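Line by line, the protein sequences give chains A, B and C.
Under the working numbering, read the first sequence as residues 1 to 319, first letter to last.
Under the working numbering, read the second sequence as residues 320 to 597, first letter to last.
Under the working numbering, read the third sequence as residues 598 to 887, first letter to last.
Cβ atoms here follow ideal geometry from the backbone N, Cα and C, with glycine treated the same way.
What you are looking at is a predicted structure, and each value in this text was computed from that prediction instead of being measured.
Encoded as structure tokens, the structure appears first; notes follow it.
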Amino acid sequence: MSDSALSQPSRLNRLFPSGSFGEMIFRSLCFSAATLTLVAMAGIIVALAIGGWPAFKAFGFNFFLSSEWNPVSEVYGAAGPIIGTLITAFLALLLALPLAIGISVFLVEFCPRILARPIAVAVELLAGIPSIVYGMWGLFVLAPWFAHYIQFPLLIHVSPDTWLGKMVAGVPNGANILTASLILAIMILPYMASVFRELFLTVPAQVREAAYGLGATPFEVVCSVIIPYVKRGLIGVIMLGLGRALGETMAVTFIIGNTHSLPHSLFDSGSTIASTIANEFTEATSEMHSAALTALGLVLFMITFMVLIMARLLIGKRS
Amino acid sequence: MSSNLKRRFINKVFVALCSLSTLLAVGMLALILGSLIVNGAGGLHLSVFTQDQPSPGMSGGLRNAIIGSIAMCVVAMIIAVVLGIMAGTWLSEYSRNSKYGQAIHFLNDVLLSVPSILVGLFVYEIMVRPFHGFSAFAGAVSLALLAMPIVTRTTYDMLQLQPNTLREAGMGLGASQGLVIRSIIWKAAAPGLLTGGLLGFARISGETAPLLFTALGNQFLTLNMTEPMGSLPTTIFQFAMSAYDDWRNLAWVGALLIAMAVLTINILGRVMTRGGKR
Amino acid sequence: MTNKDNTVEDLEQFIAPPAAENLNLEARNLDFYYGTHQTLFNVSLPVERNKITALIGPSGCGKSTLLRILNRIYALYPQQYAVGRVLLDGKDILTDHDTLTRLKERGDTVTLDPLGDDISQIRARIGMVFQKPTPFPMSIYDNVAYGVRLHFNKSRQELDQIVERSLHRAALWDEVKDKLKESGLSLSGGQQQRLCVARGLAVEPEVLLLDEPASALDPVSTARLEETLMELKKDLSIVIVTHNLQQAARISDYTGFMYLGNMIEFCSTDRLFARPKTRRARDYLTGRFG
């Protein structure tokens, strides 16, 4: 038994065959627990597919195309929630991304040492605050403020026939696509900022110094060296942020207004897949209604699943 | 030289924008915490913990919801910690480099970020619909499903940190691999494993969406896991969306409680990791 | 306090200092602090034009620190301070607020003659190559053109010429001329290091600082790099930190021996290696420690 054989972890198993019975039990218990991950994953897909099947069968492709969602006449077209999900998630990403990069760059490059640590910790802690808290804040604080200081003035001063007027048309109660996106942005901001910060810290000090040594300004170092250096990981994290925004339920449910038609403007109320399910699932009395909601769940799963897989593939290569 | 001035100007603008975005974020988050305290702290009486949730217009507290939350979280954490530690152990110690192990590792990472509402739908389909009834146990299972990937992942990371010399030393004394894992590796990684549990706990203690159609909610105090059970997040949701002022006030109190609890757990986890790394 | 500012006189205790008018870069009476911990003590270093100056000494003696002061790269880190003067062609470059206050605290009353307050311009005139190759995540061409694009507004043709000339000077052109669009990270370690030399040369610096540039290279790559440096000193001044005594003896004109943050001995390389004045230098050169 040579030392090199021992130090190779993959050989350890073969060197020490699991002899006793108890050993085997422990090992298979661990294996079963790990396999549960696969079972859960497959289970989610299968359960959603079976539960949603009646809706797919009844409405076919119209389920995705129609925006008529009517539990009374039992007609379900999911275009409204699907579009709402995509719009709010992308808007949120658009709002949060530049800020998240700004924060992480500030923490890594410009912040005085004494402040950097507390701010970084605060940002990480705030990423953990439950979404229902953000949602409540959005409903009781952000929405009224938004209606009063932004929506009303715009309604009064902008002619409804102009391009801008059409963008801001809607009931001035602050519950709309834009405020929902704002809340989502606030929610994914600390998460993205703290992971970006970790990514930026992985850039070797010497590479940074080499760029500064050529006389580059901090802006040039960040844009042309640091960001390209972690590009893959950066895109991965953006995808994870998008995944969060797509599947976020409570924060959106509070503030999006929950109407199923296609949103006509930024200030129009709407719905997302997750908010629709959260609002209606317990009250869905008919089979078809709950089937349609489960089908919606499957659509959401497929969207997020693809985003997550892309994210993990991109990030996984890093380590 | 003018291009040089331009570069320095652009850089100044960039630094200003970065500082501003940090200021904006920190300010925004201070605003959120501030409004939580302003709106919630006033209603934070002892009665919140001693009385059950009121009917509209009556006075009451959140006792049933708080106890329900704790009960479901505890059950969920027991499930998640046991399964998660075993799964993480298998990934780290037994699966090395096998294709199946890599696949599980990958799926666990994906499961980590699957929207929680879908986990709720899944548990509804397998536990609520077949037995024709909402139950606290179904709620606990859905929470466990959310916490388990976190525990698995942290366990894996922490076991990977343990040096191979430790494993070799144990086996060199004639201990079996399983014994080495249980008696040496787990012990050495204990603070890290605890952190994993805390992180999972922090994640689920504020979860709302999956509870809506598994545990449903219950306005009375119960500890029977086979019945619907109230929880803080679902009660907050119900109260905040209502039209009654006392309910809304209680919702603020609940939100403050949850935020405080989650922050405390996160800080605790942070302190532990720092201790564990030494 | 004139005795604080008399580096050239101080050097008379050493043998054969470079003539004052030939100095390209000069460090005078430098102290250096990591937080409150002092790592350099009153270190002076003359760098003569078109010569190679080597810095040797055991690990942790401060030779890399000294190099990092010469182009102010240390200033990226908030807890690090240099106190003293660094002159580029007779003009002061350590003119930041921290240094000035600390100079006053130390009791120096010299009047500085600042070169300018734009640190990026100063760094452009003093190139630096690091211990490990540091190619940027971009193509070979863009790596070399990076600094030029920052500081000058050149046409495409001019840029092509500069890139080609720099790669020639770094003795890398023949190896990469067919794959300029490939990533700089695709090169071997030795090639990457010469790419970094080419990148430094492209901005036409007056001084090139090298921090153990050969420590991660194999003997063949090291030999090529040394050849390159011998060729380059016709155009610029070079300061090289090295662990490899043979390397210092082979290529440098002057050598400074440092120990525990002090400049123990500085003189022409031949004299230092043949007849070191101090016992510390003798012990180090004969391999008794370090």
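- The beta carbon of Asp628 (chain C) sits no closer than 9 Å to any beta carbon of chain B.
- Counting along the chain, the unbroken alpha helix (DSSP H) around Ser661 (chain C) starts and ends at 660-667.
- Every alpha helix (DSSP H) stretch that sits fully inside the stretch 511-571 of chain B and reaches 4 residues is listed by chain position as 528-531, 551-559.
- With contacts defined by Cβ atoms closer than 9 Å, Ala245 (chain A) and Leu184 (chain A) form a contacting pair.
- Counting along the chain, no beta strand (DSSP E) covers Phe727 (chain C), and no H or E run does either.
- Against chain A, the beta carbon of Gly497 (chain B) has neighbours under 8 Å at Ser18, Gly22, Glu23, Phe26, Arg27, listed in chain order.
- With a beta-carbon spacing of about 6 Å, Leu293 (chain A) and Glu280 (chain A) fall inside the 8 Å limit used to define contacts.
- Distance check between Thr527 (chain B) and each of B:Thr554, B:Gly491, B:Ala507 places B:Thr554 closest, using alpha-carbon atoms only.
- Going by DSSP, Val640 (chain C) is part of the beta strand (DSSP E) stretching over 634-645.
- By DSSP's assignment, Leu684 (chain C) forms a beta bridge with C:Glu623, C:Asp689.
- For Ser338 (chain B), no CB of chain C lies under 9 Å from its own CB, so it is not counted at the interface with that chain.
- If you keep only unbroken alpha helix (DSSP H) runs of at least 4 residues inside the stretch 760-816 of chain C, you get 770-773, 786-799.
- Annotation: the continuous beta strand (DSSP E) that includes Thr852 (chain C) extends over 851-856.
- In its chain, beyond the 5 residues on either side, His260, Ser271, Thr272, Ile273, Thr276, Leu296 have a beta carbon closer than 7 Å to the beta carbon of Pro81 (chain A).
- When secondary structure is reduced to three states using DSSP, Met860 (chain C) falls in the strand class.
- In the structure shown, Pro375 (chain B) adopts coil according to DSSP, grouped into three states.
- Identification of residues in the stretch 499-512 of chain B having a C-beta nearer than 7 Å to some C-beta of chain A yields an empty set.
- The C-beta separation of Thr179 (chain A) from Ala143 (chain A) comes to about 6 Å, placing the pair in contact by the 8 Å criterion.
- With fewer than 16 other Cβ atoms inside 10 Å of its own Cβ, Ala335 (chain B) counts as exposed.
- Collapsing the DSSP output to three states places Asp739 (chain C) in a helix.
- What Asp715 (chain C) touches in chain B, judged by beta-carbon distance under 8 Å, is Asn323, Arg327, going in chain order.
- Under the 8 Å Cβ criterion, the stretch 699-715 of chain C does not count as touching the stretch 650-660 of chain C, having fewer than three qualifying pairs.
- Three or more Cβ pairs closer than 8 Å define a contact, and the stretch 125-142 of chain A falls short of that threshold against the stretch 104-116 of chain A.
- For Gly270 (chain A), the three-state secondary structure derived from DSSP is strand.
- Between Val442 (chain B) and the set A:Val39, A:Leu164, A:Ser131, the nearest pair of CA atoms involves A:Val39.
- In this structure, DSSP gives Gln677 (chain C) an extended state, which the three-state scheme calls strand.
- The stretch 466-481 of chain B and the stretch 551-566 of chain B do not touch, with fewer than 3 CB-CB distances between them shorter than 8 Å.
- Per DSSP, Thr650 (chain C) lies in no alpha helix (DSSP H) segment; the continuous beta strand (DSSP E) that holds it begins and ends at 649-653.
- Inter-segment contact for the stretch 517-532 of chain B and the stretch 107-120 of chain A is absent: fewer than three beta-carbon pairs are separated by less than 8 Å.
- Spatial neighbours of Met544 (chain B) in its own chain (CB-CB distance under 6 Å, excluding positions within 5 residues in sequence) are listed in chain order as Ala455, Phe456.
- For Gly452 (chain B), the three-state secondary structure derived from DSSP is coil.
- Look at Phe152 (chain A) here: in three-state DSSP terms it is helix.
- With respect to chain A, the C-beta atom of Val401 (chain B) has a partner C-beta closer than 9 Å.
- With a cut-off of 8 Å on Cβ pairs, the stretch 235-255 of chain A is not in contact with the stretch 480-495 of chain B, counting fewer than three such pairs.
- The C-beta of His694 (chain C) comes no closer than 9 Å to any C-beta of chain B.
- With respect to chain A, the C-beta atom of Arg382 (chain B) has no partner C-beta closer than 9 Å.
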